[in-house]
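Peer 1: Supplied in structure tokens, the structure appears directly below.
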Amino acid sequence: MTRHYLLGIDTGGTYTDAVLYCETDGILAKAKALTTRHDLAVGIAEALDKVIDASGVPVGEIGLVSLSTTLATNALVEGQGGRAGLIMIGFGPDDLKRDGLSEALGQDPVLYLTGGHDVHGTETPLDLGPLAAALPELAQNVSSFAVAGYFAVRNPSHETRVRDFIRSHSSLPVTCSHELSSKLGGPRRALTTLLNARLVSMIDRLIGACEGFLNKRGIEAPLMVVRGDGALIAAAEARLRPIETILSGPAASLVGARHLTGLAQAVVSDIGGTTTDVAILNDGRPALDADGAVVGGYRTMVEAVAMRTYGLGGDSEVRIDDRSLSLRLDLGPRRLVPLSLAAALHGPAVIEILERQLRATHMGRHDGRLAVRTGVPDALAAGLATQEAALFARIGPSPVALDQLLTATAQLATLDRLVARGLVHICGITPSDAMHVLGRQGQWNRAAAELGLRLAMRRKNGAGQPIAASAEELAERIVERLTRQSAEVILSASLSHDGLADVEPARSVLIDRALRREPGLVRFALSLDRPLVGLGASAPVYYPAIGDMLAVACEVPEDADVANAIGAVVGRVRATVTVFVTAPEDGIFVLSGAGDGRRFADEETAFTAARERAEQAALEQALANGAADAVMSSIEEIDAPEIDGRRKLIEARFIATASGRPRLAQG
């Protein structure tokens, strides 16, 4: 009998991890490679080649490939993504003010069309004229479209017509809001759809890179992707709904943490290059956020683990406040390319820039900062303003010093916009550089890290004194700051879980005294009620000190560096569908959701049809998502109060869930 092996991949902001796993033998091999954002296929191929060769497993015996990623999460945290055109059907400009939609939209274009439906699915006629007039120009300035219709979850026909019209006149991808959520709340559904549209090209490139490698190596196993709730979906479905992959990596890490530690109760904190993700394990299972995942400050309609994501990681920007009398540091939320990594990737050019700046008599405002193109396809640079295009043209595939790139103060804001679009990386000092200087990490170029910190220590504090006496002293302060900020975000997530979200650990005097063990007549102490599990490649060097600060037992599993990749291959496929029945008037029952609306004259007949539709749609989705055999479960929620002695149906919700293990290749 053929033995199947499972290949797990996790593509993060800095590293791509791979594991080859067998359910009977555990991890057979693991490997890492740098994530190559300019061409994701390079890093993926390197990691997978390493792990396959190390395991000695014939590729024909690999039965499943599963992918988790933090790329979508990182993009939203850092405010990155492609430029999207938002088409609002039946909405007006005032609706942009709700749920953070205006802030999320930024400078991207929006077009309003007459149309939409009411709560029972009755339409206002759709006018496609403004879209026909605007589309030729719009299609030249965006990389994707998002379509959101008023009450589209009750009747999606207008969204579908707009989508089909755009597709017939353009080759750009289109996302409709009803495809992502069945929940009411038009502006938040529009926000979710907008973010999805921005992520399409990124996730498409990631999946394409994986598929290209599998084809090249002759691996015919199904390719799955981890969703934000920890479930698996087929790669083809993830391409259509990339928003569902936000918190994919963190969700996989929770599954991996449970598998690696055996702990049923734990606070799990996963530190990467860009973010720290914190979640709680209760009875061996992560809770889901019923209100939708919050990432990058936006609450989406994506069902995901109740995970708190913070812009704090090993590659976080080190921000130095030199106005106070003593040194003050803050980390993140923006990710920089560490100088040690930039030098490892680009060779002596980085060292030469830093040495030139260090030889200068006076400190420069932009010392230790470089810019380099991310290497994404040129099509993603569509719609740049004149100043942005001119600056972008002066940045190449090799780092250029900001003191030579920027000739006017206003250009810094222009550069920031290029960074936000995901077109340019800034290189600078990070905690990873500090760790290289201290000899606790050594995978990249220590000389560049030391030069960067020596440049930074030339800065003066408010008293006119250098902020540090040596690069090592500054490095220690940076690591101390990461320890403190990590403790604060872990406390913040834990307090939020306890219903105390209004307590801000970074601002609380009492928490500050407890963390610093400050003596006094009244002594403050705090801890967690369960162990802390530290995950991530750098967890062994950071988390023992974080556990000490929080006065809690801290466990860093042996394979903490590949927990996400492990979690990616032990998950299940799960599909949930909700169908609604409402009563707009006596004797009329309207069924909506998971297809066209239907009207019935009898409540029980409508309910039976709703149950059948929900279960059938859930089963079809589970099979499309790659399930081999699906088990069905259903719940019903019926709001029917008595009004003046008569039962009145407000809304009935029929929720069906189909789940099962993914299909394996037949060896």
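Counting from 15, one number per residue, gives the positions in the sequence shown under the working numbering. Note that beta-carbon positions come from the ideal geometry of N, C-alpha and C, so glycine has one too. All of these numbers come straight from a predicted model, not from anything done at the bench.
#1: When you compare the stretch 270-281 with the stretch 564-580, are there three or more beta-carbon pairs, one atom per stretch, that lie closer than 8 angstroms?
#2: Using the DSSP secondary-structure output, state which residues sit across from residue 131 in a beta bridge.
#3: Quick one: using the 10 Å Cβ neighbour count with 16 as the cut-off for buried, is residue 514 buried or exposed?
#4: Just to confirm the assignment, what range does the beta strand (DSSP E) spanning residue 101 have?
#5: Could you spell out the range, first to last residue, of the beta strand (DSSP E) harbouring residue 746?
#6: Comparing alpha-carbon positions, which option in 254, 582, 669 lies nearest residue 263?
#7: Check whether the stretch 113-125 and the stretch 306-317 touch, using three or more Cβ-Cβ pairs below 8 angstroms as the test.
#8: Name the residue from 444, 522, 477, 230 whose alpha carbon lies nearest to the alpha carbon of residue 490.
#9: May I have a chain-ordered list of the alpha helix (DSSP H) segments no shorter than 4 residues that lie completely inside the stretch 573-628?
#10: Contact between the stretch 292-309 and the stretch 328-339 is defined here as three or more beta-carbon pairs at a separation below 8 angstroms; is this criterion met?
#11: On the DSSP bridge list, what partners appear for residue 238?
#12: Tell me which residues share the same chain as residue 499 and place their Cβ nearer than 7 angstroms to its Cβ, disregarding the 5 neighbours each side in the sequence.
#13: Does the stretch 652-662 come within contact of the stretch 202-213, defined as at least 3 CB pairs closer than 8 angstroms?
#14: Quick check on residue 682: does DSSP put it in helix, strand or coil?
#15: Assess, as a yes-or-no matter, whether the stretch 85-103 is touched by the stretch 117-126 under the definition of 3 or more beta carbon pairs within less than 8 angstroms.
#16: For residue 601 and residue 518, I'd like the C-alpha separation in whole angstroms.
#17: Just list the residues that DSSP pairs residue 673 with in beta bridges.
#18: Tell me which same chain residues have a C-beta within less than 6 angstroms of the C-beta of residue 218, skipping the five on either side of it?
#19: Let's see if you can read the secondary structure: which residues bound the beta strand (DSSP E) around residue 163?
#20: Is it buried or exposed for residue 552, if we count other Cβ within 10 angstroms and need 16 for buried?
#21: If you count every other CB in all the chains shown that lies within 10 Å of the CB of residue 619, and 16 or more means buried, which is it?
#22: Taking DSSP's pairing of strands, which residues face residue 665 in a bridge?
#23: From the DSSP output, which residues share a beta bridge with residue 292?
#24: Can you list the beta strand (DSSP E) stretches of 3 or more residues lying completely in the stretch 402-451, in chain order?
#25: My understanding is that residue 435 touches residue 121, with C-beta atoms under 8 angstroms, so please give their C-beta distance in whole angstroms.
#26: Between 160, 230, 294, 221, which lies nearest to residue 543 when the distance is taken from Cα to Cα?
#27: Residue 180 lies in the alpha helix (DSSP H); which residues open and close that run?
#28: Is it buried or exposed for residue 15, if we count other Cβ within 10 angstroms and need 16 for buried?
Peer 2: A quick look at the data gives this:
#1: Touching, yes, given that three or more Cβ pairs across the two stretches are closer than 8 angstroms.
#2: 137
#3: exposed
#4: 98-103
#5: Here the chain has residues from 15 to 681 only, and residue 746 is not among them.
#6: 582
#7: yes
#8: 444
#9: 577-583
#10: No: fewer than three Cβ pairs fall under 8 angstroms.
#11: Per DSSP, 80, 248.
#12: 326, 345
#13: no
#14: With the chain covering 15 to 681 only, the question about residue 682 has no answer from this structure.
#15: Contact holds: three or more Cβ-Cβ distances are below 8 angstroms.
#16: One Cα belongs to residue 601, the other to residue 518, and the distance between them is close to 53 angstroms.
#17: 588, 645
#18: Excluding sequence neighbours, residue 218 sits near 253.
#19: 158-163
#20: buried
#21: When all chains shown are included, residue 619 counts as exposed.
#22: Per DSSP, 653.
#23: 283, 322
#24: 438-442
#25: Not confirmed; about 10 angstroms, so no contact.
#26: Comparing alpha carbon positions, the residue from 160, 230, 294, 221 closest to residue 543 is 294.
#27: 171-183
#28: With a pLDDT of 45 at residue 15, under the threshold of 50, the predicted position of this residue should be treated as unreliable, though the coordinate-derived value follows. By the 10 Å Cβ count, residue 15 comes out exposed.
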